[in-house]
Each structure stands twice: as structure tokens, then as C-alpha cells.
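Here's the structure we're looking at; comments come further down.
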Amino acid sequence: MDRLLAFIEGSAPALWVRGESTEWTFVFPIVVTLHTIGMGFLAGGSAAIALRILGFAPHIPLRAMARFLPLLWLAFAVNAVSGILLLTAYPTKALTNPVFYLKVCLIAFAVWLVYRIGAAVLRAPDADKRPVTAKDKLLAVASLASWIALITAGRLLAYTHKWEMLGIPAII
Amino acid sequence: MEMAAWEALIRSTAFHAFIRANEPWLWPLCEILHYLGLSVLLGTVGLFDLRVLGMARAIPLRAIHRLVPWGIGGYLLNLMTGVVFFVGHPDQYFYNNAFRLKVLFMAVAGLNVVAFYGTSAFRELATLEPEAEAPVSAKIIAGTSLGMWVAVLICGRLLTFFRPPFFH
Chain A
4 MDRLLAFIEG
14 SAPALWVRGE
24 STEWTFVFPI
34 VVTLHTIGMG
44 FLAGGSAAIA
54 LRILGFAPHI
64 PLRAMARFLP
74 LLWLAFAVNA
84 VSGILLLTAY
94 PTKALTNPVF
104 YLKVCLIAFA
114 VWLVYRIGAA
124 VLRAPDADKR
134 PVTAKDKLLA
144 VASLASWIAL
154 ITAGRLLAYT
164 HKWEMLGIPA
174 II
Chain B
15 MEMAAWEALI
25 RSTAFHAFIR
35 ANEPWLWPLC
45 EILHYLGLSV
55 LLGTVGLFDL
65 RVLGMARAIP
75 LRAIHRLVPW
85 GIGGYLLNLM
95 TGVVFFVGHP
105 DQYFYNNAFR
115 LKVLFMAVAG
125 LNVVAFYGTS
135 AFRELATLEP
145 EAEAPVSAKI
155 IAGTSLGMWV
165 AVLICGRLLT
175 FFRPPFFH
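Residue numbers (this note's numbering), protein chains in the order written: chain A, 4 to 175; chain B, 15 to 182.
Have a look at this one:
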């Protein structure tokens, strides 16, 4: 494991992201910024769709709401690429931290829900012709909960790494 | 760099002392809330802006406008958590060029909101039929909104890379 981590950490893409192989050291800030913009549109757009299903903004046609799905998939693509770059730059920080594996599981669940809500609710053949079912609402609540958990895990990834290094603050 | 009177005043408050005493849990909590708030803002106001710009035209503007109060909620959450950050470490924000740009973009976004609701732009949009194209004035306002909120996010994310070279 240690040898694998050292290999990734010393690879050319890792050096490039960390700004150690070029004069220009702004790759890492750009990558984390893209990751945050992608998060905003993917999590926020999913939340807007979930709010619609839960009955807020009830006059938005579900079928029309599906037109925003390609934007969410684009945001997911941006975050998959930027996420892999961040992982390549600092593999030890992520791969030795249980929070990282939790985050990966949450990504799988949240992204599956985007697909599922798109297929079973927004693009259902009888969408807008039948009332929203309890099952639709359950998917929406699960989506909201998974994005909240996912953003929390993402942010805690930075802090738990610090706590791993320096010890958990006594105040907690 | 000598400490200015306004900074000494902030640092003398109980609020500042509370933030610093509880920083190990309060800071991560506020950051999580700040990220949730920005997502809600981009996901609601951002989608409304995109609709005005011509995306998902089958959605009536009046219907998607119902999401905007959630965006205002996200904005207020971020304003409150942002105040915690600033009061906790005023020097790290005030003497930071990314922060100054962020405040500038927030001000432009705020004036843009005034332009949207204060002129005829909003009333014109509210009467449009579904599928109808928004007038150019509304599109300019929506484009400005989307651009400014993304710019605010970018400046916020880059704050940490433009820290002043001193700590008070």
C-alpha cells in the first residue's frame, strides 16, 4: 500500500497538479475550484429537482425539469475528472482516511438517485399526468439527504486529515 | 502590519472570543453550512437564470420562480456563516485580494437583484407564456446573476491561496 501511494504521489500528473513540475503553481487551485463549481450545480440542481417533487414549486412540469439533467451530468463529469486529479495529487490523504471511502459510497448512491429520479419520475411515460407518489417523494428525500451527507463528508475529508496528523481537538 | 482600530474593536467582542474558543468544531460546521448554502443558491437561482436565458423553455417562469426563496435562504445562510469567518479572523479576509474581489462581485450581484425586481424586467417575465422567450433586458440580468454568483464562488474558493503574509 505504501509503495503504491508513493508511486502515485511521485507520478507526473501528481507533480503537475501540486505545481511541483512547472513554474506555474495554479493547477491545484483551479482543480479545487472546478470541483466546487461542479458540486454547486450537481448538488444544488439535484436539490431543486427534489424540492419540486416534494411539492415546492408544484407548477414546474416534471418533464420540463428533465431538461436540466444534462447540466447535472456535465457537472458530474467535471467533478469526476477534478476529483480523480485531486486524488492523484494527494493519494495518502484520501486513501488512508475512512471518510474518503464513505464519500465514494455516497457519490455512488447520490448519482444513482439522479439517474433513478430522471428515469422513474421526471421522464416517466405518465409524468405530469399522475400525482406524485410516496415512492417519488422517498427518492427525493433520499437525494436531498445524500447530498447533505456528501458535502459534509467532502468538507470533513480536509479536517479529519488534519486531525489524523495533529490529533482530534480536545474540545470535541 | 499594525492592527487597525476596526480590527481591534472586532477582536474585543464576545462574539470573536466565542468563535476562537470554539473554532475546532465551529469552523468545520460553518464551512459545511457554507457549502450547502452555495449549492442551494446555485441550484435554485442558477436554474432560474438558465431558464430566463432560454434553457428548459417548457417551464413557465412564474413556476420556476417559486424556487428563488430557497436561494435567498441559501444566501442568508452563507451571509451568517461568512460573518462568523470574518469576525473569527478579520485580518485573513480584509487584507486578502480574493476576499475584496468577492465582496465586489457580491455587490454587483446585489445591484443586479435590485435591477431585476426594481424595474419592469420581473413584471414582464411574470406575464410571459410558457415556451416564450424572455426579453433581452431580462436575459442580461440573468446572465449577470449567473456570472456573478459563480465569480463569488471562485473568489471564495481561492481565498486560502491569497492569504496576507501576516497574522495579527
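Using N, Cα and C, we set each Cβ at its ideal position, and we do this for glycine too.
Query, Result
"Are residue 58 of chain A and residue 57 of chain B close, meaning C-beta to C-beta below 7 Å?", "no"
"Between which two residues does the alpha helix (DSSP H) holding residue 42 of chain A run?", "30-56"
"Quick one: what does DSSP say residue 110 of chain B is sitting in, helix, strand or coil?", "coil"
"Residue 95 of chain A lies in the alpha helix (DSSP H); which residues open and close that run?", "94-98"
"How would you list, in chain order, the residues of chain A whose beta-carbon sits under 7 Å from the beta-carbon of residue 56 of chain B?", "43, 44 and 47"
"Enumerate in chain order the residues of its own chain whose CB-to-CB distance from residue 48 of chain B is below 6 Å, with the five nearest sequence positions on each side excluded.", "92 and 95"
"I'd like the list of long-range same chain contacts for residue 126 of chain B, defined as Cβ closer than 7 Å, with 5 residues on each side in sequence excluded.", "155, 158, 159 and 162"
"Within the continuous alpha helix (DSSP H) that includes residue 153 of chain B, where are the two ends?", "150-172"
"Counting only Cβ pairs nearer than 7 Å, list the residues of chain A close to residue 155 of chain B.", "Those do not exist, as residue 155 of chain B stays about 20 Å from chain A at its closest Cβ, beyond 7 Å."
"With a threshold of 7 Å between beta carbons, is residue 158 of chain A in contact with chain B?", "yes"
"Are there 16 or more other CB atoms within 10 angstroms of the CB of residue 230 of chain A, so buried, or fewer, so exposed?", "For residue 230 of chain A there is no data in the structure shown, the boundaries of chain A being 4 and 175."
"My output table needs one value for residue 129 of chain A: the three-state DSSP class, helix, strand or coil.", "coil"
"Hey, residue 153 of chain A and residue 89 of chain A are a contact pair by Cβ (cut 8 Å); roughly how many whole angstroms apart?", "Not really, about 15 Å apart at Cβ, beyond 8 Å."
"Would you please state the rounded distance, in angstroms, between the beta carbons of residue 75 of chain A and residue 116 of chain A? I believe it to be under 8 Å.", "About 11 Å; that fails the 8 Å criterion."
"How is the alpha helix (DSSP H) around residue 109 of chain A delimited, first residue to last?", "101-120"
"Return no unless some Cβ of chain B is closer than 7 Å to the Cβ of residue 70 of chain A.", "yes"
"According to DSSP, simplified to helix, strand and coil, what is residue 3 of chain A?", "A question about residue 3 of chain A goes unanswered here, because the residues of chain A that appear run from 4 up to 175."
"At a CB distance below 7 Å, what residues from the region 159-170 of chain B approach chain A? Give them in sequence order.", "164, 167 and 168"
"Beta carbons nearer than 9 Å to chain A: which residues of the region 95-127 of chain B have them?", "none"
"Does residue 23 of chain A come out as helix, strand or coil in the three-state DSSP assignment?", "coil"
"Going by CA-CA distance only, name the one from A:37, A:139 and A:94 that's closest to residue 123 of chain A.", "A:139"
"According to DSSP, simplified to helix, strand and coil, what is residue 16 of chain A?", "helix"
"Which residue wins for smallest C-alpha separation from residue 180 of chain B, given the options B:104, B:170 and B:137?", "B:104"
"Figure out for me which residue from B:59, B:120, B:130 and B:67 has the closest Cα to the Cα of residue 80 of chain B.", "B:59"
"Quick one: does residue 175 of chain B have its CB under 7 Å from some CB of chain A?", "yes"
"What separation, rounded to the nearest whole angstrom, lies between the Cα atoms of residue 35 of chain A and residue 133 of chain A?", "42 Å"
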